[in-house]
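Heads up: the sequence shown begins at 57 in our numbering, then just goes up one per residue.
I have placed the structure first, in the form of structure tokens, so that the comments after it can refer back to it.
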Amino acid sequence: MKYSIKCPLCNQSMTIDAENDDTAVTAFMEEGKSHMKEQHPNAPALPDEQMQAMIRFGMKKEE
Numbered sequence: 057m058k059y060s061i062k063c064p065l066c067n068q069s070m071t072i073d074a075e076n077d078d079t080a081v082t083a084f085m086e087e088g089k090s091h092m093k094e095q096h097p098n099a100p101a102l103p104d105e106q107m108q109a110m111i112r113f114g115m116k117k118e119e
């Protein structure tokens, strides 16, 4: 299944393939950390729990 999310800071879309919601959150955590480091190096890092909640709220399943 495909999942997508947009960065709340720059609206860049990210899309991944994952088997379920939990796998998607884990993948977006990795993608998000890399994206933040490259695109928003001056933004403060979020705690993992806060980032996971933000991802779960913002991600969409594409059928």
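All C-beta atoms in this analysis are idealised placements derived from N, C-alpha and C, irrespective of residue type, glycine included.
Between the CA atoms of residue j and residue i - distance to the nearest angstrom
i, j, result
"Arg112", "Leu65", "17 Å"
"Glu105", "Thr82", "12 Å"
"Ala101", "Asp77", "23 Å"
Cβ distance (whole Å) where residue i is taken to contact residue j below 8 Å
i, j, result
"Lys62", "Ser69", "5 Å"
"Ser60", "Met115", "7 Å"
Of the listed residues the options, nearest to residue i (C-alpha basis)
i, options, result
"Gln108", "Asp73, Asn98 and Phe84", "Phe84"
"Glu87", "Asn67, Glu119, Lys117 and Ile72", "Ile72"
"Pro103", "Glu118, Lys89, Glu119 and Thr79", "Lys89"
Assigned secondary structure, residue i (DSSP; H/G/I helix, E/B strand, else coil)
i, result
"Met107", "helix"
"Met70", "strand"
"Glu75", "coil"
"Glu118", "strand"
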